[in-house]
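Chemist: In UniProt numbering, the protein residues as written are 1 to 266.
Glycine included, C-beta positions come from ideal geometry on N, C-alpha and C.
Pasting in a structure now, in structure tokens, and then I'll have a few things to ask.
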């Protein structure tokens, strides 16, 4: 019997044979060209729940097997309404003709990959649309303590879009591009107070111009794709020689501007 695992996420779809050495990752969305310079992204998931099972079924058609004796192991978010679960069962059995299906919440699979044997732990699952906090005691979920916070990767990407559009360049229509920037350049702070003080000191001084990039880990540069030679951006790693040349060019430019202002005032 073939057992196929499917992890339905708001951004990606992870699927594969449980007996296989690896799994596949596909985008859980479809893109439609609206204009020559833009595309519309449609997702079957809203606020963490699959609400458009017609679209979700079309996406599954390209990645799920049609084996009549296959069993599906499907992840379902916590607090999914019964109506959506009923529609999910209809799609799995009537459209894909699965022999059996097992529904599990994603956080229930975490203990199988843990190396420690602690009887008490908390699973914090930061997803695309929300964050779920699931406590465990003695191998069982404490359902009274399960919480959902409506903060996820999508909200963080949108916030980063607003920050960059306000301070640097208008990127409000470039969700995928800013999402790549977030995944490559952003991180989770392990010492929040120390990092906030360091960022405050960097923003209130000329640290980005006078400090070497090798010693200034707070400043990161991202090269936008030109969509000719590359379609994905990347972090820019500058050498010390290139940094010295950039600082010299910046200083010379400032001096020319000051001289121009002085001549104009005279």
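Rounding to the nearest angstrom, what Cα-Cα distance links residue 32 and residue 136 in this structure?
Modeler: Their Cα atoms are separated by approximately 42 Å.
Chemist: Report the three-state DSSP secondary structure of residue 16 (helix, strand or coil).
Modeler: DSSP places residue 16 in strand when its eight states are reduced to three.
Chemist: Give me the residue from 230, 9, 40 with the minimum Cα distance to residue 25.
Modeler: Out of 230, 9, 40, 9 has the C-alpha closest to the C-alpha of residue 25.
Chemist: Between which two residues does the alpha helix (DSSP H) carrying residue 93 extend?
Modeler: Where residue 93 is concerned, there is no enclosing alpha helix (DSSP H), given that its DSSP letter is neither H nor E.
Chemist: Do residue 171 and residue 161 have their C-beta atoms within less than 8 Å of each other?
Modeler: Yes, the pair counts as a contact, with Cβ atoms nearer than the cut-off.
Chemist: Which residues in the same chain as residue 2 place their Cβ atom closer than 6 Å to its Cβ, once the five residues preceding and following it in sequence are excluded?
Modeler: Here the set comprises 67, 70.
Chemist: Who are residue 4's beta bridge partners in DSSP?
Modeler: Answer is 17, 72, bridged to residue 4.
Chemist: In three-state terms, what does DSSP make of residue 140?
Modeler: Of the three classes helix, strand and coil, the one that applies to residue 140 here is strand, per DSSP.
Chemist: Whether or not the stretch 88-97 and the stretch 113-122 are in contact is what I'm after, with contact meaning three or more pairs of Cβ atoms, one per stretch, closer than 8 Å; do they touch?
Modeler: No: the two stretches stay apart, fewer than three of their Cβ pairs being nearer than 8 Å.
Chemist: Looking at the unbroken beta strand (DSSP E) that takes in residue 235, where does it start and where does it end?
Modeler: Taken as a continuous stretch (DSSP letters only), the beta strand (DSSP E) holding residue 235 covers 234-236.
Chemist: Here's the rule I'm using: 16 or more other beta-carbon atoms within 10 Å means buried, otherwise exposed. How should residue 154 be labelled?
Modeler: Residue 154 is buried by the Cβ-count criterion.
Chemist: For residue 149, does the three-state DSSP call read helix, strand or coil?
Modeler: Reduced to three states, the DSSP call for residue 149 is strand.
Chemist: For residue 90, tell me which candidate among 54, 39, 19 has the shortest Cα-Cα distance.
Modeler: Nearest option by C-alpha distance: 54.
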